[in-house]
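Numbering (the numbering used here), first residue to last: 40 to 346.
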Amino acid sequence: MLDEPAPGFKTTIVALSRTMTTAMFDDLLADRRGDPGLSDVLDAVEARYDALQAESTRTRENVRRPLVEQILDGRLDDPGRDTDEVLGYRLAGTHLALRLEAPRGRLFSEELEPLRLAAGADHVLLMADGAQSWIGWLGRPDAFAEHDLARLRTAAAERATRLTVGEPATGITGFRRTREQAREAATVQHMLLDAPPTLWFRDVWLETVLLQDTSRARAFLVAQLGQLLPPGAVNDRVCETLLAWLSTGSHVAAAATLGIHENTVRNRLRQAEAAIGGATIQHRRVEIEVALRLRRTRLLDDDHIVG
C-alpha cells in the first residue's frame, strides 16, 4: 500500500499548474496515473488547474476587451506601444482574423495554436465574440504569403471546430476589416444549407455582398431560376451540375468536379434548359451562376431571413 502523498507534493503540483500549459501538465501527470494512492489528489489538482486557467483567461480578457472595443469602434485610432504590451499583440503588422465556434469549456487558445504555427504567425490575440464563439487574430510583421495561407487552409480543414477566416490586412484598419470579414463569412456559413465546417471569406465574398439586402436577393433568385427554384432531389442535382458547368466552363471539367460521367452532365444541362430556357442560360450566364450560388443558402427560408 502506498503512503498518502505528502502535503508538499500537492502544493508543488498546484504551484506548477499556475505556470504550465495543459500539454505540459498532462505530460507531468501521465506517469503518476498508475499510482492508486494519487488518484484523488490528481483529480483535485486537475480540477484546480482548469479553474486557474479559466480564471487567468477571464482576467486577461477583462483587461484587453475595453482596449479592443475602442480599437474596433474607432475611439482608439492611433494606439501606441503601451497598447501592444497590454494586448500582447502587435497592431502595426499584418492581421488575419478567424472566428471559432464551439460549446463552452473548450480552450480556444489551444485550438488556435496549431493554426498560428501553420500560418507562420508570430503572435495571437483572442477575444470572445458571443456566448460560444471567439475571434482570434493571427499577426506577423510582414505579409502572409500564399503558401502560408495554403498551410493554414490545410490545418483548418483538420480541426473539428466550426471556423471562418477573413482576409489578411495591415494596420489598425486591417485589424478591423479582417475581423468583419470573418464575421460576415460566419453569417453566410449559418445560411448555407450544406455548410462546410471551415469557410473562407474569399470563397463567399459574393454571397456576403448579395445577402446584405435579403429581400432584393430573394426577388433576384426567384426571377432567375423559375422552375429550378423549388428544392428537391432532381432540381438539386440539376442545379449542382449547372453551377459546376458555369463555374468550370466545360462538360469535362464539370464531370470531373462532381465525379460523374460527362453524358450525365449533358443530360442534366438539357433538363436545365427545359426548365428555364437554353437561350436564357446562354445570355444570362453570370446572373444564373449568381442565382445558383444563392440557392445554396437558406434565403427562401423565412426563419433565416434577416432584414
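C-beta atoms are modelled at their ideal positions from N, C-alpha and C, and glycine is treated no differently.
Please name the residue or residues paired with I174 in a DSSP beta bridge.
Counted from its first residue, the sequence shown places residue 174 at position 135. DSSP output for I174 lists R138 and M166 as bridge partner(s).
Count the other CB atoms, across all protein chains shown, that sit within 10 Å of the CB of R255; report buried if there are 16 or more and exposed otherwise.
Within the sequence shown, the letter at position 216 stands for residue 255. Exposed is the call here.
L28: first and last residue of the uninterrupted alpha helix (DSSP H) it sits in:
Residue 28 is absent from the structure shown; the chain starts at 40 and stops at 346.
Tell me whether the segment 188 to 195 and the segment 294 to 307 touch, counting them as touching only if at least three CB pairs, one residue from each stretch, are closer than 8 Å.
Using a C-beta cut-off of 8 Å, the segment 188 to 195 makes no contact with the segment 294 to 307, since fewer than three inter-stretch Cβ pairs fall below that distance.
Going along the chain, which unbroken runs of the alpha helix (DSSP H) with 4 or more residues stay wholly within the segment 177 to 259?
At a cut-off of 4 residues, the continuous stretches assigned as alpha helix (DSSP H) that sit fully inside the segment 177 to 259 are 185 to 196, 210 to 230 and 244 to 249.
Tell me the rounded alpha-carbon separation between G175 and R218.
Here residue 175 is taken as the residue at index 136 of the sequence shown, counted from 1. Here residue 218 is taken as the residue at index 179 of the sequence shown, counted from 1. In this structure, the straight-line span from the alpha carbon of G175 to that of R218 is close to 9 Å.
Just how far apart, CA to CA, sit Q310 and V277?
Working through the sequence shown from its first residue, we reach residue 310 at position 271. Working through the sequence shown from its first residue, we reach residue 277 at position 238. So the alpha carbons of these two residues sit roughly 7 Å apart.
By how many angstroms is the C-alpha of A182 removed from the C-alpha of L268?
Locating residue 268 in the sequence shown gives position 229, counting from the first residue. Locating residue 182 in the sequence shown gives position 143, counting from the first residue. Looking at the backbone, the Cα of L268 and that of A182 are separated by about 43 Å.
To the nearest angstrom, how far is the alpha carbon of V273 from that of D340?
Looking up residue 273 in the sequence shown gives position 234. Looking up residue 340 in the sequence shown gives position 301. D340 has its alpha-carbon roughly 20 Å from the corresponding atom of V273.
Distance, Cα to Cα, R104 vs S148?
Residue mapping note: residue 104 aligns to position 65 of the sequence shown, counting from 1. Residue mapping note: residue 148 aligns to position 109 of the sequence shown, counting from 1. In a straight line, the C-alpha of R104 is about 16 Å away from that of S148.
Starting from T336, follow its DSSP beta bridges and name the residues at the other end.
What you label residue 336 is simply residue 297 of the sequence shown in a count that begins at 1. Its beta-bridge partners are L231.
Count the other CB atoms within 10 Å of the CB of R334; is the residue buried (16 or more) or exposed (fewer)?
Counting from 1 along the sequence shown, the entry for residue 334 is found at position 295. Per the 10 Å Cβ criterion, buried.
Residues near R222 in its chain [Cβ-Cβ closer than 7 Å; skip 5 each side]
Here residue 222 is taken as the residue at index 183 of the sequence shown, counted from 1. Only R138 meet the Cβ criterion.
Residues near H343 by beta carbon distance below 7 Å, same chain, minus five either side
Taking the sequence shown and counting its residues from 1, one reaches residue 343 at position 304. Caution is warranted here: a pLDDT of 42 is assigned to H343, below 50, making its placement in the model unreliable, and the coordinate value is therefore given only provisionally. Only M230 and R337 meet the Cβ criterion.
Are the Cβ atoms of Y128 and L154 separated by less than 9 Å?
Your numbering for residue 128 matches position 89 in the sequence shown. Your numbering for residue 154 matches position 115 in the sequence shown. In this structure, Y128 lies away from L154, with their beta-carbon atoms at least 9 Å apart.
If you draw a straight line from the alpha carbon of E108 to that of A170, how long is it in whole angstroms?
On the sequence shown, position 69 is the one that residue 108 refers to. On the sequence shown, position 131 is the one that residue 170 refers to. Each residue's Cα considered, the two are about 17 Å apart.
Work out the CA separation of W239 and G210 for me, nearest whole Å.
Here residue 210 is taken as the residue at index 171 of the sequence shown, counted from 1. Here residue 239 is taken as the residue at index 200 of the sequence shown, counted from 1. Distance between the alpha carbons of G210 and W239 is about 21 Å.
For E328, name the three-state secondary structure that DSSP assigns.
The sequence position of residue 328 within the sequence shown is 289, counting from 1. Of the three classes helix, strand and coil, the one that applies to E328 here is helix, per DSSP.
Rounded to whole angstroms, what is the Cα-Cα separation between T122 and L106?
Counted from its first residue, the sequence shown places residue 122 at position 83. Counted from its first residue, the sequence shown places residue 106 at position 67. Going from the Cα of T122 to the Cα of L106 covers about 8 Å.
Identify, in the order they occur along the chain, each residue of the same chain with its Cβ nearer than 7 Å to the Cβ of L130, setting aside the five sequence neighbours on each side.
One-based indexing of the sequence shown puts residue 130 at position 91. Same-chain partners within the cutoff: P118, T122, D123, I211 and F214.
Pair within 9 Å by beta-carbon distance, V204 and A136
Numbered from its first residue, the sequence shown carries residue 204 at position 165. Numbered from its first residue, the sequence shown carries residue 136 at position 97. Yes, they are a contact pair.
Return the Cβ separation of H134 and P207 in integer angstroms, given the expectation that the two are a contact with Cβ distance under 8 Å.
Position 95 of the sequence shown, counted from the first residue, corresponds to residue 134. Position 168 of the sequence shown, counted from the first residue, corresponds to residue 207. Contact between H134 and P207 holds, with the beta-carbon distance rounding to 7 Å and staying under 8 Å.
With DSSP as the reference, identify every bridge partner of T133, one or two as the case may be.
Walking along the sequence shown from the start, residue 133 turns up at place 94. DSSP, once it has assigned bridges, lists R179 and T209 as partnering T133.
Give the single residue among D275, L260 and R216 whose Cα lies nearest to the Cα of D233.
For the purposes of this step, residue 233 is identified with residue 194 of the sequence shown, where counting begins at 1. Nearest C-alpha to D233: D275.
Alpha-carbon to alpha-carbon, L151 and L177
Within the sequence shown, numbered from 1, the residue matching residue 177 stands at position 138. Within the sequence shown, numbered from 1, the residue matching residue 151 stands at position 112. C-alpha separation (whole angstroms): 9 Å.
Less than 6 Å between C-beta atoms, sequence neighbours within five positions excluded: which residues of the same chain meet that for R257?
The residue labelled residue 257 in the question sits at position 218 within the sequence shown. Spatial neighbours of R257 in its own chain (CB-CB distance under 6 Å, excluding positions within 5 residues in sequence) are listed in chain order as L338.
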